[in-house]
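**Student:**
Number of protein chains: 2
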Amino acid sequence: TIVEQLTHFFNQRGALVGRRVLITAGPTQEPIDPVRYISNHSTGKMGYAIARAFAMAGADVTLVSGPTALPLPHPAVRRVPVRSAAEMFRATEAEFEQADLLILNAAVADYTPAHPAHQKIKKKEAEFSLELTKTVDIAATLGARKRPGQLMMGFALETENEQENALGKLQRKNLDWIVLNSLRDAGAGFGHDTNKITVMDRGGNVRVFDLKTKEEVAEDLLTLVKEKLANP
Amino acid sequence: TIVEQLTHFFNQRGALVGRRVLITAGPTQEPIDPVRYISNHSTGKMGYAIARAFAMAGADVTLVSGPTALPLPHPAVRRVPVRSAAEMFRATEAEFEQADLLILNAAVADYTPAHPAHQKIKKKEAEFSLELTKTVDIAATLGARKRPGQLMMGFALETENEQENALGKLQRKNLDWIVLNSLRDAGAGFGHDTNKITVMDRGGNVRVFDLKTKEEVAEDLLTLVKEKLANP
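Just so you know, the sequences run in chain order A and B. For the first sequence, position 208 (counting from the first letter as 1) is numbered 208 according to this note's numbering, and the numbering increases by one without interruption. For the second sequence, position 103 (counting from the first letter as 1) is numbered 103 according to this note's numbering, and the numbering increases by one without interruption.
1. Is the separation between the beta-carbon of Ile38 (chain A) and that of Ile121 (chain B) shorter than 8 Å?
2. Using the Cβ count rule (16 or more neighbours within 10 Å means buried), how would you classify His233 (chain B)?
3. Quick one: using the 10 Å Cβ neighbour count with 16 as the cut-off for buried, is Pro71 (chain B) buried or exposed?
4. List, in order along the chain, the chain B residues whose C-beta lies closer than 9 Å to that of Tyr48 (chain A)?
5. With DSSP collapsed to three states, give me the class of Ile138 (chain A).
6. What residue does the beta strand (DSSP E) around Val225 (chain A) start on, and which one ends it?
7. For Glu160 (chain A), I'd like the list of residues in its chain whose CB is within less than 6 Å of its CB, leaving aside the five on either flank, ordered along the chain.
8. Within its chain, find whatever has a CB closer than 6 Å to the CB of Val21 (chain B); leave out the 5 residues flanking it on each side and keep chain order.
9. Less than 8 Å between the beta carbons of Ala85 (chain B) and Val108 (chain B), yes or no?
10. Residues in the region 31-42 of chain B with C-beta within 9 Å of chain A's C-beta atoms, listed in sequence order?
11. Determine the chain A residues that contact Leu157 (chain B) at a beta-carbon separation under 8 Å, and present them in chain order.
12. Since Glu106 (chain B) contacts Gly47 (chain B) with CB under 8 Å, what's their CB separation in whole angstroms?
13. Between A:Glu162, A:Gln163 and A:Leu175, which has its C-alpha nearest Gln150 (chain A)'s C-alpha?
14. For the beta strand (DSSP E) containing Arg52 (chain B), name the first residue and the last one.
15. Tell me the DSSP secondary structure of Ala126 (chain B) in three-state form.
16. Looking at the strands, I want to know which residues DSSP matches up with Met175 (chain B).
17. In the DSSP assignment, find the alpha helix (DSSP H) that holds Arg90 (chain A) and state where it starts and stops.
18. Listing by chain order, which chain B residues have their CB less than 7 Å from the CB of Ala126 (chain A)?
19. Closer than 7 Å by C-beta to Asp201 (chain B): which residues in its own chain qualify, once you throw out the five before and the five after it? Chain order, please.
20. Using a Cβ-Cβ cut-off of less than 9 Å, give me the residues of the region 143-171 of chain A that come near chain B, in sequence order.
21. Identify the contact partners of Ser129 (chain B) in chain A, using a Cβ-Cβ distance below 9 Å as the criterion.
22. Can you check whether the C-beta of Ala114 (chain B) is within less than 8 Å of a C-beta belonging to chain A?
23. Report the option in A:Lys173, A:Leu170 and A:Thr198 whose CA atom is closest to the CA atom of Leu180 (chain A).
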């Protein structure tokens with residue numbers, strides 16, 4: 001819309017102008033055979049709201065997106081559609097060098113079928129074992145290659161020992177922030193239009209936010225990034 | 001819409017009036033843990049088009065639907081939303097006795113995780129085996145209970161030995177028709193707005209249809225049913 005174009009234009013002097021922001025969003029689909037796959041309940045709404053907020057703030061946004069039904073969040077966003085965890089890794093890695101900030105919001109499959117079938121698997125045995133292998137950990141792999149000045153925000157969805165697990169991820173993956181979503185909070189997480197987050201950073205700060213719309217959560221994350229850019 | 005209501009009203013004297021038609025549509029989602037699941041690429045479009053065509057023809061339609069993004073296909077359709085294969089079986093079985101015609105179009109998972117986890121599975125081992133068990137075969141189970149005068153239409157999606165496999169299903173599951181979708185035909189099957197079908201019946205008739213919109217395919221299936229009702 002004209003408003004979006006104008007807002008983008010007038011934000012050309014903002015803190016995010018000229019910053020290349022790489023965002024991943026949505027689920028991945030891991031093929032079992034030509035018709036079946038493993039996926040998860042991510043809708044991509046949170047990542048798309050973040051992409052929109054950063055684009056509105058003048059950033060140069062690339063959105064690597066798993067399969068979703070969502071429209072492009074902002075005309076200035078460049079979307080790279082992917083399906084599997086392997087495709088998401090390749091697309092994200094390809095954009096990594098140029099990115100000033102990575103926001104890894106996608107719910108990437110941790111495991112993928114080891115031997116996807118080229119034909120539809122016929123139903124015979126009463127039971128069978130699907131062999132799965134670990135996918136590339138995108139955050140850990142790129143976190144290890146992070147250059148000075150490059151910032152990374154990761155997301156964690158935990159159902160047990162939430163803060164402890166999330167903090168472990170922050171350190172292990174060399175992230176600057178980890179955003180914790182809890183499945184325990186009513187109205188938060190997959191499929192909802194609202195979210196309740198806790199953000200931890202490398203300095204040991206823990207910020208607990210209220211339940212908000214995903215658009216408001218995206219604004220809060222944008223504010224955190226702006227603060228960090230102002231005080232590196 | 002008013003047109004739909006009127007069409008439904010004026011079809012009250014048609015061949016389908018007073019006929020209770022039970023249709024299944026869409027994929028199923030089989031939980032691995034609270035966030036992950038196994039599913040398939042069915043969108044539900046074909047089953048929803050069939051539900052609409054039969055409702056327009058005056059039938060009393062119940063639509064047992066797996067997770068889809070589709071709106072109710074017709075105001076006179078009663079939709080029963082389900083998620084897993086087990087839920088789809090229970091919902092379909094509950095409606096089975098009253099149904100005059102069953103159209104089993106859903107892409108029901110053949111296998112489901114044997115031990116779905118109550119907590120999100122943590123990523124540790126490099127590989128793991130997901131134990132799967134066979135789900136209830138809805139068509140075979142209900143086909144075995146079919147009463148005289150009750151009609152059943154099944155669907156088959158084959159990637160190999162298509163007609164032979166489909167005909168085997170027709171006989172084994174005690175169906176009256178089997179509708180074969182081929183993944184090999186361009187523009188046919190999951191996610192497309194068009195479909196190319198071959199219909200086989202118990203009399204040994206094989207009818208090959210052209211590539212058509214799913215709405216047109218639904219009309220063809222309605223015609224086959226009307227013919228059968230006129231010449232039982």
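Glycine included, C-beta positions come from ideal geometry on N, C-alpha and C. The structure presented is a predicted model; accordingly, all values stated were derived computationally and were not measured.
**Tutor:** The structure says:
1. Going by C-beta atoms, Ile38 (chain A) is not nearer than 8 Å to Ile121 (chain B).
2. The question about residue 233 (chain B) has no answer here: the residues shown for chain B are numbered 1 through 232.
3. Answer is exposed; the Cβ neighbour count stays below 16.
4. By Cβ distance, chain B contributes nothing, its closest Cβ being about 16 Å from Tyr48 (chain A), past 9 Å.
5. In the three-state scheme derived from DSSP, where H, G and I count as helix and E and B as strand, Ile138 (chain A) is classed as helix.
6. Looking at the DSSP string, Val225 (chain A) is not in any beta strand (DSSP E); the run it does join, the alpha helix (DSSP H), is Lys214 to Ala230.
7. Apart from sequence neighbours up to five positions away, no residue of its chain approaches Glu160 (chain A) with a beta-carbon distance below 6 Å.
8. Hits under 6 Å: Phe54, Ala59, Val61 and Leu101.
9. Yes, these two residues count as a Cβ contact at 8 Å.
10. Listed by position, the residues of the region 31-42 of chain B near chain A (Cβ gap below 9 Å) are Ile32, Asp33, Pro34, Val35, Arg36, Tyr37, Ile38, Ser39, Asn40, His41 and Ser42.
11. Those are Val35 and Lys120, listed as they occur along chain A.
12. Checking the sequence shown, residue 106 (chain B) turns out to be Ala, not Glu. Between Gly47 (chain B) and Ala106 (chain B) the Cβ distance is about 6 Å, and since that is below 8 Å, they are a contact.
13. The shortest C-alpha to C-alpha distance from Gln150 (chain A) to any of A:Glu162, A:Gln163 and A:Leu175 is the one to A:Leu175.
14. Arg52 (chain B) -> not in any beta strand (DSSP E); alpha helix (DSSP H) instead, spanning Lys45 to Met56.
15. It is coil, neither helix nor strand.
16. A small correction: the amino acid at residue 175 (chain B) is Leu; Met does not occupy that position in the sequence shown. Leu175 (chain B) pairs with nothing; no bridge assigned.
17. Ala85 to Phe96 is the extent of the alpha helix (DSSP H) around Arg90 (chain A).
18. Thr133 and Lys134, listed in chain order.
19. Within the same chain, and ignoring the five residues on either side of Asp201 (chain B) in sequence, the residues whose Cβ sits closer than 7 Å to its Cβ are Asp176 and Trp177.
20. Going along the region 143-171 of chain A in chain order, one finds Leu157, Glu158, Thr159, Glu160 and Asn165 with a Cβ nearer than 9 Å to chain B.
21. Result: Ser129, Leu130, Glu131 and Leu132.
22. By the rule that beta-carbons nearer than 8 Å mark a contact, Ala114 (chain B) touches chain A.
23. Residue A:Thr198 is the option with its Cα nearest to Leu180 (chain A).
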